[in-house]
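For reference, the structure discussed in these notes is given below.
Number of protein chains: 2
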Amino acid sequence: MRDTALPMDDRGLAYGDGVFETILVRDGRPLLWKLHMARLQAGIERLALPRLDLAAFEALPAQCGPGLKVLKLIVTRGSGGRGYRPPEPAEPRWRWTISAFQPIAERWFEGVNVRCCELRLGRQPRLAGIKHLARLENVLARQEWQDDAIAEGLLLDSEDCLVEATAMNLVWRREGRLETPLLDRCGVDGTLLSALEAIVDIDRVRVGIDTLLAADAAWLINSVQGAWPIRRLDDSAGNCLRQWRLATSDTFRQAAHEQLGYSLNLGD
Amino acid sequence: MRDTALPMDDRGLAYGDGVFETILVRDGRPLLWKLHMARLQAGIERLALPRLDLAAFEALPAQCGPGLKVLKLIVTRGSGGRGYRPPEPAEPRWRWTISAFQPIAERWFEGVNVRCCELRLGRQPRLAGIKHLARLENVLARQEWQDDAIAEGLLLDSEDCLVEATAMNLVWRREGRLETPLLDRCGVDGTLLSALEAIVDIDRVRVGIDTLLAADAAWLINSVQGAWPIRRLDDSAGNCLRQWRLATSDTFRQAAHEQLGYSLNLGD
Chain A
629 MRDTALPMDD RGLAYGDGVF ETILVRDGRP LLWKLHMARL QAGIERLALP
679 RLDLAAFEAL PAQCGPGLKV LKLIVTRGSG GRGYRPPEPA EPRWRWTISA
729 FQPIAERWFE GVNVRCCELR LGRQPRLAGI KHLARLENVL ARQEWQDDAI
779 AEGLLLDSED CLVEATAMNL VWRREGRLET PLLDRCGVDG TLLSALEAIV
829 DIDRVRVGID TLLAADAAWL INSVQGAWPI RRLDDSAGNC LRQWRLATSD
879 TFRQAAHEQL GYSLNLGD
Chain B
629 MRDTALPMDD RGLAYGDGVF ETILVRDGRP LLWKLHMARL QAGIERLALP
679 RLDLAAFEAL PAQCGPGLKV LKLIVTRGSG GRGYRPPEPA EPRWRWTISA
729 FQPIAERWFE GVNVRCCELR LGRQPRLAGI KHLARLENVL ARQEWQDDAI
779 AEGLLLDSED CLVEATAMNL VWRREGRLET PLLDRCGVDG TLLSALEAIV
829 DIDRVRVGID TLLAADAAWL INSVQGAWPI RRLDDSAGNC LRQWRLATSD
879 TFRQAAHEQL GYSLNLGD
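Protein chains in written order, with my numbering: chain A, 629 to 896; chain B, 629 to 896.
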């Protein structure tokens, strides 16, 4: 693992001035690599970070070694500047870590219980979609519950529109169509979501919780954990809003897991 | 200066999960120390960071040595945790740096040109007021202009209510009353603002830009730079919205500078 210390004057620490990716790597081969690099590049451009040759990252997955790993890659604007004003020129800094990873397979098959968070995401179109480092809203939302029987928390925005879960995107099926919240005002545009949109139609919609409650099925997805069917949704006080009966055959989950190579390993 | 390296798994870097203060120190004596410590404590409580004995910081200002310095203090939730979920227990980490500082005295006397930023702050009451590390909105706003003749940028929220400048609070006088924007949905509750509120009446109001344009005088303030009278306000395209004639006697600025000891040094 690369020496990972950062100086205190790094702007990633000072202001959240940077972006990151967490990438699933199996036996040294990354999953959804192009989509991760595309989002990283989009974040670099959105924050006007200095240009960076992403080819430098190509060699990292092979260093993960055998087995299932998560490669976390952070790119910051680097050190310094007078206050919020970035230095000219800035020298970007990047760091990475590798962690062993084991997906929670029972959540794929048994589904998960989810709650609605009390916190509402602020609307910030300038930061929406990218995976920047200023994620304190997600931290506060994740602090709302300690019960391990609750797998995730749904987030709505300041005008009560559905956005995502604290670390996953949300997809549901309604009247035979797949839908997911628009991510143009807040939220992170997930790489697994992008990969699925390339192979199936998923409508991006601006709707409130009632639309989700009317869905025939719903899933939480991300590029590391895969797809978790939602079994039950509670409000923030713990009252059940809706339960879903899980289908015996879940083609959406299967499509998600094919993207991550999970179907082959676990007979899903 | 304390060894300031931080590990990559520090949550301040990963998520902006922490708070900071920048404190003016003159000849080893801090200005507005109690207010800085009070805001730090408020931030620690709001983020539910582990309790920290702030007495540990009491010895820092004396280490700044002679002259005018800025002491920057960062407190993060420390390392680790599974994703956004904080580790239990978390071990907070704190770091500090000392920098030489020279206020820009001509801005006190000649006033400043200010522009309105295009970026609108997202509304997030859970983070409003505290000086947390997830300040990417401020960075993006400060990137909007490069012209050194523009000293600061005004920020409005997503519903076009006045909030602050990128690194300063905003105060104006209208019909003989001092007013400042409410900071309950976004923005940072400045220590100099708090100090001034303790000695003069300043109404916190939720208003748009028109109220500022109708003001008789306006200032930007913070606990390091002091008070800058606003001479001219432009829109984000550079069109002048309003000019103010600076008063020969500015009692508000004098009151601000007494809080920071600037009046004694510079005959203000």
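We treat Cβ as the ideally placed atom computed from N, Cα and C, and that holds for glycine. Keep in mind that this is a model prediction, so the values were computed, not measured.
Closest residue to residue i among the options (Cα-Cα distance)
| i | options | result |
| --- | --- | --- |
| T632/A | L874/A, L701/A, N741/A, A845/A | L701/A |
| D655/A | L682/A, P689/A, V767/A, L663/A | P689/A |
| C868/A | P658/A, V742/A, V703/A | V742/A |
| E716/B | D788/B, R705/B, A826/B, G695/B | R705/B |
| D844/B | H885/B, F880/B, R723/B | F880/B |
| N850/B | R834/B, R735/B, R710/B | R735/B |
| W722/B | V703/B, G711/B, C692/B, P658/B | V703/B |
| M665/B | E686/B, S707/B, G646/B | E686/B |
| I625/A | A865/A, T650/A, E792/A, S877/A | A query on residue 625/A cannot be resolved here, the shown segment of chain A reaching from 629 to 896 and no further. |
| E719/A | P678/A, E649/A, S877/A, G866/A | P678/A |
| C744/B | G866/B, T876/B, T839/B | G866/B |
| L810/B | G804/B, D788/B, E803/B | D788/B |
| R639/B | W847/B, A728/B, S707/B, G804/B | S707/B |
| Q691/A | G709/A, E673/A, S727/A | S727/A |
| G804/A | P714/A, L659/A, A846/A, L821/A | A846/A |
| P714/B | G695/B, T650/B, D645/B | D645/B |
Euclidean distance between Cα positions of residue i and residue j
| i | j | result |
| --- | --- | --- |
| Q730/A | K697/A | 8 Å |
| W661/A | V852/A | 12 Å |
| L888/B | F737/B | 16 Å |
| L761/B | R751/B | 16 Å |
| V740/A | I732/A | 11 Å |
| I858/A | V816/A | 20 Å |
| D863/B | D776/B | 16 Å |
| A842/B | L806/B | 13 Å |
| L680/A | G671/B | 35 Å |
| L768/A | G711/B | 12 Å |
| L892/A | E886/A | Any reading at L892/A needs caution, since the residue's pLDDT is 49, under 50, leaving its predicted position unreliable; the model's value is listed next. So the alpha carbons of these two residues sit roughly 8 Å apart. |
| Q871/A | G854/A | 21 Å |
| V647/B | L682/B | 13 Å |
| D896/A | E825/A | At D896/A, the pLDDT of 39 sits below 50, so the modelled position is not reliable; the number obtained from the coordinates is stated separately. Near 21 Å, if we compare the C-alpha coordinates of E825/A and D896/A. |
| E746/B | Q774/B | 14 Å |
| M629/A | D637/B | With a pLDDT of 44 at M629/A, under the threshold of 50, the predicted position of this residue should be treated as unreliable, and no value is reported. |
| D878/A | R802/A | 15 Å |
| V835/B | N797/B | 15 Å |
Contacts of residue i in chain A (Cβ-Cβ under 7 Å)
| i | result |
| --- | --- |
| G706/B | Ordered by position in chain A, no residue passes the 7 Å Cβ test against G706/B, which lies about 13 Å from the chain. |
| A676/B | Q771 |
Closer than 8 Å at the beta carbon, the chain A residues around residue i
| i | result |
| --- | --- |
| Y712/B | R763, N766, V767, A769, R770, T794, A795 |
Beta-carbon separation (whole angstroms), residue i vs residue j, contact threshold 8 Å
| i | j | result |
| --- | --- | --- |
| A756/A | Q771/B | So it is not a contact: roughly 17 Å between Cβ atoms. |
| L634/B | L874/A | So it is not a contact: roughly 44 Å between Cβ atoms. |
| L784/B | R748/B | 6 Å |
| L652/B | A823/B | No, L652/B and A823/B are not in contact; Cβ-Cβ is about 12 Å, not under 8 Å. |
| N766/B | T725/B | Incorrect: roughly 19 Å between the Cβ atoms, too far for contact. |
| A779/B | V828/B | A779/B to V828/B, Cβ: 24 Å. No contact. |
| V799/B | I758/B | Going by Cβ atoms, the distance from V799/B to I758/B rounds to 20 Å, so no, they are not a contact pair. |
| Y643/B | R763/A | 4 Å |
| T819/A | R667/A | 6 Å |
| R605/A | P753/A | Beyond the ends of chain A as shown, which are 629 and 896, falls residue 605/A; an answer cannot be given. |
8 Å Cβ cut-off: residues of chain B touching residue i
| i | result |
| --- | --- |
| T725/A | M636, D637 |
| S786/A | G750, R751, Q752, S786 |
Partner residues on chain B for residue i, Cβ-Cβ distance less than 9 Å
| i | result |
| --- | --- |
| I702/A | M636, L641, A642 |
Contact list for the segment 743-776 of chain A against chain B, Cβ threshold 7 Å: L747, G750, R751, Q752, R754, L755, H760, L761, A762, R763, L764, E765, N766, V767, L768, R770, Q771
Residues of the segment 632-656 of chain A in Cβ contact with chain B at a cutoff of 9 Å, in chain order, please. T632, A633, L634, P635, M636, D637, D638, R639, G640, L641, A642, Y643, G644, D645, G646, F648, T650
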